[in-house]
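Oh and the sequence shown: position 99 is 100 in this note's numbering, straight run, nothing missing.
The structure under discussion appears below in the form of structure tokens.
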Amino acid sequence: CIDLHAEATSDKQAMGYFLDGRVSSVLGTHTHVTTADEQILPNGTAFQCDIGMTGAYRSILGREIQPVLKTTLTFDPNTFHVATEDVRLAATWVDVDPLTGLAKAIGRLQWKSAGD
2 CIDLHAEATS DKQAMGYFLD GRVSSVLGTH THVTTADEQI LPNGTAFQCD IGMTGAYRSI
62 LGREIQPVLK TTLTFDPNTF HVATEDVRLA ATWVDVDPLT GLAKAIGRLQ WKSAGD
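Written as structure tokens, this is what we have:
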């Protein structure tokens, strides 16, 4: 599995197709926002642009909302504390054929804390 830590979805897609058939999966990270594009590429590599984040979803990328908004709107420096509301775990699973090393299936999952 390749963890492709990149910003642009186009870069992630390009690398997915470049590695298609050579690796079991190419799973993107970095943006913290789960994408709904999970698929098996033509030569057997599982692909998804971003698997999402584990953390507080009532947030801006896992940080408390108001300090991020203040800095965005005023350009004043601020401390971004970790948010704690609506905690979730985002993940992607890949079923890999043990003989070929290629993907048979891929899926997204998200678990939400019972306390939220």
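Note that the Cβ used here is the ideal one computed from N, Cα and C, for glycine as well.
Since the model is a prediction, treat every value here as computed from it, not as a measurement.
Taking a C-beta distance under 8 Å as the contact criterion, Ala57 and Asp87 qualify as a contact pair. Per DSSP, the beta-bridge partners of Gln49 are Leu28. Gln49 counts as buried, since at least 16 other C-beta atoms from the protein chains shown sit within 10 angstroms of its C-beta. Going by C-alpha positions, His31 is about 26 Å away from Ala115.
Ser60 counts as buried, since at least 16 other C-beta atoms from the protein chains shown sit within 10 angstroms of its C-beta.
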